[in-house]
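Undergrad: Sequential numbering of the sequence shown, starting at 1, is according to full-length UniProt numbering.
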Amino acid sequence: MKKFTIDLFVNNRFGVLNRITGLYCKRGYNIESIQAGPTEIPGCTKIEIVSTGDEYMRMQVISQLEKLYDVRKVELMSVTDLE
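As structure tokens, this is what we get:
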């Protein structure tokens with residue numbers, strides 16, 4: 001298991017965060033931390049999610065997040081081994 005960070009750039013609309021966390025919940029994935037904040041682009045919000053899982057889980061999460069409506073961009077920022 002490894003800890004990884006995903007950055008999302010999403011449209012700032014009602015229900016976006018709920019759809020993102022719902023995706024994690026439906027698949028039984030854990031969110032260790034989540035934070036959101038505005039960007040310099042009007043109407044765009046950056047969300048950072050830290051989770052743990054294997055490579056398959058990381059690729060599945062990224063693939064599913066990219067399919068969500070209102071998600072503009074998904075980036076895998078870091079992967080670190082758990083001690």
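Beta carbons are placed, not taken as given, at the ideal position from N, Cα and C, and that holds for glycine.
(1) Thinking cysteine 44 and phenylalanine 4 are a contact (beta carbons under 8 Å), I'd like their distance in whole angstroms, please.
(2) Quick one: grab the DSSP three-state call for glutamate 66.
(3) So, is leucine 82 buried or exposed, given that buried needs 16 or more other C-beta atoms within 10 angstroms?
(4) Going by DSSP, name the residue or residues bridged to glutamate 48.
(5) Indicate whether isoleucine 6 and isoleucine 41 have their beta-carbon atoms separated by less than 7 Å.
(6) Are lysine 2 and valine 79 close, meaning C-beta to C-beta below 7 Å?
(7) Identify whether leucine 76 lies in helix, strand or coil by the three-state DSSP scheme.
TA: According to the structure data:
(1) Incorrect: roughly 23 Å between the Cβ atoms, too far for contact.
(2) Reduced to three states, the DSSP call for glutamate 66 is helix.
(3) Exposed is the call here.
(4) In DSSP, glutamate 48 forms a bridge with Asp7, Gln35.
(5) No, these two residues do not count as a Cβ contact at 7 Å.
(6) In this structure, lysine 2 places its C-beta atom within 7 Å of the C-beta atom of valine 79.
(7) It is a strand residue.
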